[in-house]
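J.: For the sequence shown, my numbering begins at 27 and goes up steadily by one.
C-beta: ideal position from N, C-alpha, C; glycine also.
Please read all numbers here as calculations on a predicted model, not as lab measurements.
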Amino acid sequence: RNRREDPSFERGCVLLWQWIRDSFLENKSYDTFVRELITASGDVTHNPPVAWYRTYREPHLQMEDTAQVFLGTRLQCAQCHHHLFEKWSQEDYLSMAAFFSQVTRKSSGTSKNASGNNAEDIVVHKRGDAQMVDKKSQRVFKPAALGTPVGPLTPDEDPRRALADWMTDVSNPYFARAIVNRYWKHFLGKGLIEPEDDLRDTNPPTNPELLDALASDFVGHGYDLKHLIRMITQSRTYQLSAEPNGDNADDQQNFAKFYPKRLMAEVLLDSVDLVTKTTTSFKNQGANTRAVALPDNSFNQGNQLLSVFGRPDAASACECERTMEASLSQSLHLLNADELQNKLANENGRAALLAKETRPVKELIREVYLLALAREPSDEEILQSQSYLDTKCEGKEGEEWKKAKRRAWEDLLWAMINSKEFLFNH
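#1: For Gly68, which beta-bridge partners are listed by DSSP?
#2: Note down the Cα distance separating Met89 from Cys344, rounded to an integer number of angstroms.
#3: Take Ala363 and list the residues in its own chain whose beta-carbon comes closer than 7 angstroms to its own, dropping the five residues that flank it on each side.
#4: Rounding to the nearest angstrom, what Cα-Cα distance links Thr305 and Gln44 in this structure?
#5: Between which two residues does the alpha helix (DSSP H) carrying Val293 extend?
#6: Classify Met158 as helix, strand or coil using the three-state DSSP reduction.
#7: Assess, as a yes-or-no matter, whether the region 212 to 232 is touched by the region 96 to 107 under the definition of 3 or more beta carbon pairs within less than 8 angstroms.
#8: So which of Ala170, Asn280 and Arg262 has the shortest CA-CA distance to Ile219?
#9: Cα separation between Leu23 and Trp114?
#10: Flag Asp182 as yes if its beta-carbon sits less than 8 angstroms from any beta-carbon of chain B, otherwise no.
#11: Pairs of beta-carbons, one from the region 151 to 168 and one from the region 71 to 78, closer than 8 angstroms: are there three or more?
#12: Around the C-beta of Thr174, are 16 or more other C-beta atoms found within 10 angstroms, so that it is buried, or is it exposed?
#13: Tell me, to the nearest whole angstrom, how far the beta carbon of Thr349 is from that of Gly336; I am working on the premise that it is less than 8 angstroms.
#14: Based on the DSSP output, what are the partners of Thr174 in its beta bridges?
#15: To test your reading of the DSSP string, which unbroken beta strand (DSSP E) runs of 3 or more residues are found completely within the region 171 to 232?
#16: Sorted by chain position, which residues of the same chain lie with C-beta nearer than 7 angstroms to Asn451's C-beta, five sequence neighbours on each side aside?
#17: In chain order, what residues of the same chain lie with their CB nearer than 7 angstroms to the CB of Asp147, ignoring the 5 residues before and after it?
#18: CB-CB under 7 angstroms to Gly248, same chain, minus the five flanking residues each way: which ones, in chain order?
#19: The alpha helix (DSSP H) that contains Arg401, what's its start and end?
#20: Which same chain residues end up closer than 6 angstroms to Val60 when comparing Cβ atoms and leaving out the 5 residues on each side of it in sequence?
#21: Pull up the CB-CB distance for Arg432 and Ala377, whole angstroms please, since I reckon it's below 8 angstroms.
#22: What residue range is occupied by the uninterrupted alpha helix (DSSP H) comprising Val129?
#23: Return the CA-CA distance between Arg401 and Leu370, expressed in angstroms with no decimal places.
Shown next, in the form of structure tokens:
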């Protein structure tokens with residue numbers, strides 16, 4: 027989670043995003059990545075993962091994010107009560123939070139933000155006994171990882187390191203399963219466990235053997251995320267058609283067909299820019315910055331498409347923040363919003379360039395289909411497109427003909443952008 031609470035967080039957000047991006051580019055092993063993040067100390071300049079600790083300063087909130095993001099385990103309810111049908115108790119909650127009880131801060135000398143906190147404090151381990159105290163019973167809870175004792179810790183030992191050791195151990199039943207389930211959902215539109223960050227005994231996977239096999243393979247290959255991506259995308263399951271047949275038409279959970287999924291907000295905006303041959307400007311970002319490369323949540327309110335199509339605000343660790351369901355507001359935005367109309371009508375945009383082309387119209391139509399839909403147009407689609415272009419220009423001459431031709435190309439691009447084939451992976 028990389029949330030800019032106020033302007034003073036900007037530097038930390040950017041540095042954390044760059045560290046995450048560089049970690050994936052170099053294919054840093056996932057266990058190393060998580061360990062570096064959880065045990066981060068120092069300042070954001072020399073150790074960017076420290077920025078992860080700036081928003082939530084209380085041990086129990088740091089623990090909740092850690093458990094949900096990296097273990098797929100939601101412990102929030104256990105803070106107040108022990109659910110009759112769930113495994114984790116208040117004791118488990120407080121024992122997990124104890125791992126973060128010795129995280130403290132020293133001033134870096136920079137000015138305080140609107141919340142009265144220093145956005146670039148130095149994060150350090152405070153020497154002492156790691157523990158959490160139940161406010162009601164006054165019971166003291168030592169660090170334990172979801173019921174697993176970690177052994178005695180000396181006052182000089184950072185308990186977060188013990189937590190990282192337990193999390194990244196090859197025998198951990200949650201760590202690998204949580205991330206492979208997330209990647210499975212990312213590529214196939216639905217997790218083997220849904221929601222993808224809610225792994226528990228009362229929410230079993232639809233295919234437990236597959237989940238276990240993926241997790242075992244991931245661990246066996248050194249927590250290699252690129253290997254995991256290859257495993258999933260080279261599988262027959264991923265390459266299945268989304269077109270239903272007599273055997274899989276009603277399937278909703280067994281991956282007998284590919285489940286179409288709407289493009290994420292950032293990907294959609296970048297795709298619209300590609301098709302219209304325009305760029306979107308973002309405050310304090312380079313001229314050619316793509317939406318998928320935005321470092322934090324602060325850009326959502328400045329771009330209507332990102333907001334309407336559900337780019338998460340990073341207010342919580344829950345994946346439910348990202349909206350992937352289609353809605354009426356999304357349809358209306360693509361139909362009528364000035365943002366899209368201005369891109370289509372851009373003087374240097376795709377439609378304007380196509381209108382000036384001297385190549386055969388069939389060749390241009392084919393080029394547009396490949397660009398927008400990644401496929402060749404059918405003969406019927408070529409005829410329909412060509413007929414529409416001719417009809418819009420019929421009876422017009424000179425400048426009027428040029429304007430009509432350009433508007434016709436704008437209409438064709440608009441129709442493609444509004445098609446389900448463009449809006450969905452399938």
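T.: Inspection of the coordinates gives the following:
#1: Under the DSSP definition of a beta bridge, Gly68 partners with Val149.
#2: For Met89 and Cys344, the distance between alpha carbons rounds to 14 angstroms.
#3: Result list for Ala363: Gln330, in chain order.
#4: The straight-line gap separating the alpha-carbon atoms of Thr305 and Gln44 is approximately 22 angstroms.
#5: Val293 -> alpha helix (DSSP H) spans Ala291 to Thr302.
#6: Annotated three-state conformation of Met158 is strand, per DSSP.
#7: Taking a cut-off of 8 angstroms on C-beta distances, the region 96 to 107 touches the region 212 to 232, as three or more cross pairs fall below it.
#8: It is Asn280.
#9: The first residue shown for the chain is 27 and the last is 452, placing residue 23 beyond what the model contains.
#10: Chain labels in this structure do not include chain B; a single protein chain is all it has.
#11: Too few Cβ pairs lie closer than 8 angstroms, so no.
#12: Thr174 comes out exposed.
#13: Contact between Thr349 and Gly336 holds: their C-beta atoms lie close to 3 angstroms from each other, under 8 angstroms.
#14: Bridge partners of Thr174: Ala171.
#15: Complete beta strand (DSSP E) runs here, min 3: none at all.
#16: Excluding sequence neighbours, Asn451 sits near Pro286, Lys287 and Leu289.
#17: Apart from the 5 residues on each side of it in sequence, Asp147 sits with its Cβ closer than 7 angstroms to the Cβ of Arg131, Lys132, Ser133 and Ser134 in its chain, given in chain order.
#18: Only Ser55 meet the Cβ criterion.
#19: Judged by DSSP secondary structure, Arg401 falls outside any alpha helix (DSSP H); it is assigned neither H nor E.
#20: Within the same chain, Cβ atoms closer than 6 angstroms to the Cβ of Val60 are found at Phe96, the five residues on either side in sequence being excluded.
#21: Between Arg432 and Ala377 the beta-carbon gap is near 6 angstroms, inside 8 angstroms, which marks them as a contact.
#22: For Val129, no alpha helix (DSSP H) segment is defined; the enclosing uninterrupted segment is the beta strand (DSSP E) at Val129 to Lys132.
#23: Each residue's Cα considered, the two are about 21 angstroms apart.
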